[in-house]
């Protein structure tokens, strides 16, 4: 799912919820298991959209993993993340460089400090996502 180029999402009202409900019901009929939602977890953090998406997944009647992207997702949003998401990116995109001095792209070495802060906060079913596959 793509929320929008300016993180505008949908309106935080009954019509916005109905829109997300309709999309997630369709995904449930297609037996989708994993939903990656881009442009939602930072710049700005879209709390209302995340809440409405989680509600739509629960209403769809099929378990689906909700993955939020890109980061860095704010640590102070942990309570909502544990309630409404399964995965959330802890940094911007990681590229094939060891270290980066800019915010974008991130290097692999830039991830270790973030992982050290976030790893103790992971719980079954809820994980910080380092944007890496090992």
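Numbering (the UniProt record's numbering), first residue to last: 1 to 134.
Each residue gets a CB set at the ideal place from its N, CA and C atoms; glycine is no exception.
Every value quoted in this text rests on a predicted model; they were computed, and no experiment measured them.
Can you tell which of 49, 60, 46 has its C-alpha closest to the C-alpha of residue 30?
-> For this step, residue 30 is matched to residue 30 along the chain shown. For the residues 49, 60, 46, the minimum Cα distance to residue 30 belongs to 60.
Cβ-Cβ distance between residue 57 and residue 24 below 7 Å | Here residue 57 refers to the residue found at position 57 when the chain shown is read from its first residue. Here residue 24 refers to the residue found at position 24 when the chain shown is read from its first residue. Residue 24 sits close to residue 57, with the two beta carbons spaced by under 7 Å.
Under 8 Å Cβ to Cβ from residue 17, same chain only, skipping five residues before and after it: list those, please.
-> One-based indexing of the chain shown puts residue 17 at position 17. Here residue 17 has 52, 55, 56 as same chain residues with Cβ atoms under 8 Å from its own Cβ, once five neighbours each way along the sequence are excluded.
Can the beta-carbon of residue 89 be found closer than 7 Å to that of residue 71?
-> As a first step, residue 89 is located in the chain shown; it is residue number 89 there, counting from the start. As a first step, residue 71 is located in the chain shown; it is residue number 71 there, counting from the start. Against a cut-off of 7 Å, the Cβ pair of residue 71 and residue 89 comes out as a contact.
Tell me, please, which residues DSSP counts as bridged to residue 88.
-> As a position in the chain shown, residue 88 is number 88, starting the count at 1. 68, 128, per the DSSP bridge assignment.
Paired residues, beta bridge with residue 45 - DSSP = Locating residue 45 in the chain shown gives position 45, counting from the first residue. Answer is 41.
The alpha helix (DSSP H) spanning residue 111 covers which residue range?
-> The residue labelled residue 111 in the question sits at position 111 within the chain shown. Residues 111-118.
Could you give the residue range of the alpha helix (DSSP H) that holds residue 29?
-> The residue labelled residue 29 in the question sits at position 29 within the chain shown. Segment 14-29, the alpha helix (DSSP H) holding residue 29.
With DSSP as the reference, please indicate the residues paired to residue 50 in a beta bridge.
-> Walking along the chain shown from the start, residue 50 turns up at place 50. Assignment of beta-bridge partners to residue 50 by DSSP yields no partner.
So what does DSSP say about residue 77, is it helix, strand or coil?
-> For the purposes of this step, residue 77 is taken as residue 77 along the chain shown, with counting starting at 1. Helix, per DSSP.
Confirm the yes/no value for this check: CB of residue 18, any heavy atom of the ligand PLP, distance under 6 Å.
-> No copy of the ligand PLP appears in this structure; indeed no ligand is present at all.
Could you tell me which residues DSSP puts in a beta bridge with residue 138?
-> Outside the shown range of the chain (1 to 134) lies residue 138, about which nothing can therefore be said.
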